[in-house]
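Heads up: the structure comes next, in structure tokens.
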Amino acid sequence: MDVAVEGKEALEVDADLIAFGVVERSEKDALLPSYLKEADVATGGFLTAAWDRKEIKGKKGEVTLHPLPGGRRRIALVGLSKAADFSLESVRLAIGYLTRQIRGKGVRSLSVHLPSFTLGKLLPEEAAKAILDGHALAAYEFTRYKSERSEPEKRRLVIALSKEHVRVKDRVAGPLAREGRILDTVLWTRDIGNLPADTATPQFLAEQALQLGKDLKLKVTVFDEKKLKEMGCGGLLAVGGGSVHPPRMVIIEYQGSGGRNAKTVAVVGKGITFDSGGISIKPSPGMSEMKFDKSGSVAVLGILRAAAELKLRVNVVGVMALAENLPGGAAYRPGDVVKSYSGKTIEILNTDAEGRVVLSDALAYAVAKFNPDQVVDLATLTGACVVALGNDIAGLLSNDDRVANGLLAASEHTGERIWRLPLTSVHRDMVKGEVGDVRNSTELPMAGTLTAGAFLSEFVNGKPWAHLDIAGTAWVAKAPQYCPSYTPPGYTAFGVRLLLNYLENVS
15 MDVAVEGKEA
25 LEVDADLIAF
35 GVVERSEKDA
45 LLPSYLKEAD
55 VATGGFLTAA
65 WDRKEIKGKK
75 GEVTLHPLPG
85 GRRRIALVGL
95 SKAADFSLES
105 VRLAIGYLTR
115 QIRGKGVRSL
125 SVHLPSFTLG
135 KLLPEEAAKA
145 ILDGHALAAY
155 EFTRYKSERS
165 EPEKRRLVIA
175 LSKEHVRVKD
185 RVAGPLAREG
195 RILDTVLWTR
205 DIGNLPADTA
215 TPQFLAEQAL
225 QLGKDLKLKV
235 TVFDEKKLKE
245 MGCGGLLAVG
255 GGSVHPPRMV
265 IIEYQGSGGR
275 NAKTVAVVGK
285 GITFDSGGIS
295 IKPSPGMSEM
305 KFDKSGSVAV
315 LGILRAAAEL
325 KLRVNVVGVM
335 ALAENLPGGA
345 AYRPGDVVKS
355 YSGKTIEILN
365 TDAEGRVVLS
375 DALAYAVAKF
385 NPDQVVDLAT
395 LTGACVVALG
405 NDIAGLLSND
415 DRVANGLLAA
425 SEHTGERIWR
435 LPLTSVHRDM
445 VKGEVGDVRN
455 STELPMAGTL
465 TAGAFLSEFV
475 NGKPWAHLDI
485 AGTAWVAKAP
495 QYCPSYTPPG
505 YTAFGVRLLL
515 NYLENVS
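In terms of our numbering, the sequence shown opens at residue 15 and continues consecutively.
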């Protein structure tokens, strides 16, 4: 990423656009903020006049643009919302709105006045990373299948420290470069997640993992359908049975730099490359979006790539449970009883509750084979989670407060929002089977996310574990009205930044 840190005032940087943050004003704010005085002079008093007319309010989503003399350069005032609510996420959102607004307007370089995006509340290095997050994530476009497509916009981003912050240049530059590497991985992950099911088959995703292993010297193991049968992975074989693209389980092992005492975290992802619902087929409207049902496994790819590139101290085992859920002569049926890797039998009541079925094998294998200290899974598991939490918050269920609290802290830091939901004995009782050990659906119009989590908890053998239901956050169908401004339509790579932050704290 073309990003730089300069110990200059923002206006001194040779950039097409100079951006300042403005907090939402109150009735008491009669005067233009002092840090805008030089910009006001440069605009011939326009900012003061606009401020006096109350055209500049500083509200979330507000972007005010004004040309500087000569016409090439412009000033941007970006709303930060209320001071009381100001956070790192306020910075990401503000820069996301700005980036969307300037798309296609010939802005090849952007200078951001860092002090106005800290408000004296945020560390300069953290605010700088949030600026880069908002800009890079909002600028992303997936154009692979456009026959007529222009080259992606290339824009140089300069974090202008100003005289006030110039002494912390070294403190800002290092973390910013590291954040750039994380974002490169997020965008790489988005490219894979946006691929349609005719390209991104279980075998294709397995090949992506193998290539990643070659590039970063990671141990990668791919279990094909024959090996899965030998292992007793009945869940993956059942769900993938109706497709001409057979299922795969992929294991990616990263040995951290923390030595013998390093903890091991297993990160498990649901990877349904297309979900028709199987015999319990879904309604046609919206089914095209089911290419995103692989989001959990694609996130695992990104997490392992970044963990290796950043040389995290913690050991990470990535497990991708890959299958395509289609109806067909060999497809599994409602009423079937499937034997999972753990030996537990699963009574199938609904073939569209397939994610938990493939995860039963992946979770049990990860626990039995690697004996991890912790297990975290990511899955686009239930529509009920979207109903409960919408498109900007993922559900969290866990059997361990320490793991749950660590994920919540990472969520607060990265802006990838999660909310903890209850997991009780009542929900575990609801998934007990009548003819099998557990059933994959209760067929009741209640607690769908909670019973799905209870089902998964049966396969972690008591290990500290957390489940992230990312059904609402994994992709954006249209313009992000109810989603963060830095999430363009398509796959979001939700969970990659969250888990990386969590793993860093674990290590």
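Glycine is no exception: its CB is placed at the ideal position from the N, C-alpha and C atoms.
Helix, strand or coil for residue i per DSSP?
| i | result |
| --- | --- |
| residue 516 | helix |
| residue 463 | helix |
| residue 135 | coil |
| residue 234 | strand |
| residue 369 | helix |
| residue 212 | coil |
| residue 15 | coil |
| residue 504 | strand |
| residue 249 | helix |
| residue 23 | coil |
| residue 2 | Examination of residue 2 is not possible in this model, given that the chain is present from 15 through 521 alone. |
| residue 278 | strand |
| residue 400 | helix |
| residue 259 | coil |
| residue 446 | strand |
| residue 381 | helix |
| residue 510 | helix |
| residue 490 | strand |
| residue 157 | coil |
| residue 95 | coil |
| residue 477 | coil |
| residue 221 | helix |
| residue 190 | helix |
| residue 521 | coil |
| residue 239 | helix |
| residue 471 | helix |
| residue 175 | coil |
| residue 207 | helix |
Taking 7 angstroms as the cut-off, decide whether the C-beta atoms of residue i and residue j are in contact.
| i | j | result |
| --- | --- | --- |
| residue 37 | residue 317 | no |
| residue 148 | residue 110 | yes |
| residue 282 | residue 377 | yes |
| residue 145 | residue 105 | yes |
| residue 354 | residue 249 | yes |
| residue 380 | residue 514 | no |
| residue 480 | residue 370 | no |
| residue 361 | residue 262 | no |
| residue 61 | residue 79 | no |
| residue 237 | residue 130 | no |
| residue 257 | residue 336 | no |
| residue 516 | residue 420 | yes |
| residue 150 | residue 190 | no |
| residue 93 | residue 39 | no |
| residue 18 | residue 125 | no |
| residue 169 | residue 122 | yes |
| residue 441 | residue 468 | yes |
| residue 306 | residue 489 | yes |
| residue 338 | residue 259 | yes |
| residue 521 | residue 272 | yes |
| residue 334 | residue 291 | no |
| residue 293 | residue 365 | yes |
| residue 90 | residue 31 | yes |
| residue 128 | residue 179 | yes |
Just confirm the distance between the C-beta atoms of residue i and residue j, as a whole number of angstroms; I'd bet it's less than 8 angstroms.
| i | j | result |
| --- | --- | --- |
| residue 395 | residue 451 | With a Cβ gap of about 20 angstroms, residue 395 and residue 451 do not count as contacting. |
| residue 498 | residue 429 | 7 angstroms |
| residue 331 | residue 280 | 5 angstroms |
| residue 266 | residue 232 | 6 angstroms |
| residue 398 | residue 373 | Rounded, the Cβ-Cβ distance is 16 angstroms, inconsistent with contact. |
| residue 25 | residue 53 | 6 angstroms |
| residue 206 | residue 222 | 6 angstroms |
| residue 135 | residue 100 | 6 angstroms |
| residue 519 | residue 424 | 7 angstroms |
| residue 323 | residue 204 | The pair is not a contact, with the Cβ atoms about 17 angstroms apart (cut-off 8 angstroms). |
| residue 418 | residue 410 | 6 angstroms |
| residue 186 | residue 139 | 5 angstroms |
| residue 437 | residue 471 | 7 angstroms |
What does DSSP give as the partner residue(s) for residue i in the beta ladder?
| i | result |
| --- | --- |
| residue 32 | 89 and 125 |
| residue 170 | 123 |
| residue 408 | 432 |
| residue 483 | 393 and 409 |
| residue 268 | 330 |
| residue 453 | 361 |
Q) Hey, which unbroken runs of the alpha helix (DSSP H) at 4 residues or more fall wholly within the segment 281-362? A) 309-324
Q.
Which runs of the alpha helix (DSSP H) at least 4 residues long sit entirely within the segment 412-444? Give them in chain order.
A. Within the segment 412-444, the complete alpha helix (DSSP H) runs of at least 4 residues are 415-428 and 439-444.
Q.
So within the segment 27-85, which uninterrupted beta strand (DSSP E) runs reach at least 3 residues, ignoring any that extend past its ends?
A. Here the runs fully enclosed are 31-36 and 77-81.
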